[in-house]
Amino acid sequence: MPSYQLDLTRRPRRMRRTAALRSLANETTLEAGNLIQPLFVIEGEGASEPIKSMPGQFRLSIPKLIEECKALADLGIPAVALFPKLDSKVKSDDGREATNPDTLVLRAIRALKKEVPQIAVITDLALDPYTTHGHDGLWDTAAQDLANDPTVEVLAEMAVLAAEAGVDIVAPSDMMDGRVGAIREALDDNNHEKTAIMAYSAKFASAFYGPFRDALGSAASAGTHALDKRTYQLNPGNRREALTEVALDEEEGADILMVKPAGPYLDIIREVREETDLPLAAYQVSGEYAQIHAAAEKGWLDLEKCRDESLLAIRRAGADMILSYFAKEYALRLT
Ligand code: PBG
Numbered sequence: 005m006p007s008y009q010l011d012l013t014r015r016p017r018r019m020r021r022t023a024a025l026r027s028l029a030n031e032t033t034l035e036a037g038n039l040i041q042p043l044f045v046i047e048g049e050g051a052s053e054p055i056k057s058m059p060g061q062f063r064l065s066i067p068k069l070i071e072e073c074k075a076l077a078d079l080g081i082p083a084v085a086l087f088p089k090l091d092s093k094v095k096s097d098d099g100r101e102a103t104n105p106d107t108l109v110l111r112a113i114r115a116l117k118k119e120v121p122q123i124a125v126i127t128d129l130a131l132d133p134y135t136t137h138g139h140d141g142l143w144d145t146a147a148q149d150l151a152n153d154p155t156v157e158v159l160a161e162m163a164v165l166a167a168e169a170g171v172d173i174v175a176p177s178d179m180m181d182g183r184v185g186a187i188r189e190a191l192d193d194n195n196h197e198k199t200a201i202m203a204y205s206a207k208f209a210s211a212f213y214g215p216f217r218d219a220l221g222s223a224a225s226a227g228t229h230a231l232d233k234r235t236y237q238l239n240p241g242n243r244r245e246a247l248t249e250v251a252l253d254e255e256e257g258a259d260i261l262m263v264k265p266a267g268p269y270l271d272i273i274r275e276v277r278e279e280t281d282l283p284l285a286a287y288q289v290s291g292e293y294a295q296i297h298a299a300a301e302k303g304w305l306d307l308e309k310c311r312d313e314s315l316l317a318i319r320r321a322g323a324d325m326i327l328s329y330f331a332k333e334y335a336l337r338l339t
């Protein structure tokens, strides 16, 4: 060894020398109990359909969904977020299927609450699975934009239907103004004061949602609007505006706040964590999942290590809970 020696009092590497010391100094942990598995639901009883741009993810019929949720519950995953993929024949310009009292997602909620009551069920409130144009609300052709207040009226109705079906948490993902307050009021007026609201508060107009739109078939039908959601989702460069949205959702009665996507917005997660005492969720979206898979397939990244590091970083930034397509795999690794 060279004899050169610095005269240092502080040597941070001392605590990294062995696995035991590193364990003592570890600051961030992530458990299955912090994870929420998003799941796609389809009609029928048949086999699961693989989603091409999301390797390892499937569209599940209700019987398969029940099986999957039993497995997730056994792994210690406390919650799932359901996304229905509808046949194009039930989609319409105004997405009226969203308030059909027997629509796919409501049947899925009822089946899950009956068969796997220990898992918490979360459902999105937004019209994109139901509209031919793929937007999250009612399209106003004259304005070439979503109609805010009429959309909120439909979302509130969807919330009450989901609550009646037994959902634990409704998650408005539409970014309309005033929707959290309106949903809280509609739930309370219908004796669903126990149904919680997870608000997609800082949801950015992100290109990382691409594979999800494939999974739902909501991009293909976008037509001339080409799914430009910038009049409602946040500008990726806007940090102060994100904090304004979060503050409004908290005032309007959200129980859980969310930042989405997660990995590219770690600074926002950290700032929201410091601004509020409410539980904070982050959504590691489809594109974040797909990019790790794609690079791993090429042999350029280590799938498991990148998966774990991406989740840990989101947690370190301040998320209490993480919605991630990796949830099940991560929980399996811990067993
Ligand atoms: C729709 C919704 C989207 C996601 C969750 N809910 C897509 C969008 O806003 O276009 C994206 C999730 C993902 O990419 O994993 N309201």
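The working numbering puts the first residue of the sequence shown at 5, with every later residue one more than the last. Beta carbons are placed, not taken as given, at the ideal position from N, Cα and C, and that holds for glycine. All of these numbers come straight from a predicted model, not from anything done at the bench.
- Not one heavy atom of the ligand PBG is found less than 7 Å from the C-beta of Arg20.
- Met262 and Tyr204 do touch by the CB rule: their CB atoms are close to 5 Å apart, below 8 Å.
- Here the alpha carbons of Phe216 and Pro283 stand approximately 25 Å from one another.
- Counting along the chain, the unbroken beta strand (DSSP E) around Ser328 starts and ends at Met325 to Ser328.
- In this structure Leu108 does not touch Met162 by the C-beta definition: roughly 13 Å separates them, more than the 8 Å allowed.
- For Tyr334, the distance from the CB to the nearest heavy atom of the ligand PBG is not below 7 Å.
- The beta carbons of Leu327 and Tyr287 sit closer together than 8 Å.
- Remark: C-beta atoms of Leu116 and Leu69 approach each other more closely than 8 Å.
- Closest in C-alpha terms to Ala36, from the list Pro82, Asp91 and Ser57, comes Pro82.
- The closest CA to that of Asp312, considering only Asp253, Met19 and Leu338, is found on Leu338.
- Taking the Cα positions, Ala169 is about 6 Å away from Ile113.
- The region 245 to 258 and the region 182 to 195 touch, with no fewer than 3 CB-CB distances between them shorter than 8 Å.
- Taking Pro154 as the centre and dropping the five residues before and after it, the same chain places the C-beta of Leu142 closer than 6 Å to its C-beta, in chain order.
- Our two residues, Val158 and Phe212, have alpha carbons roughly 27 Å apart in a direct line.
- Under the Cβ criterion (8 Å, minimum of three pairs), the region 43 to 52 counts as touching the region 84 to 94.
- No heavy atom of the ligand PBG is found nearer than 7 Å to the CB of Lys198.
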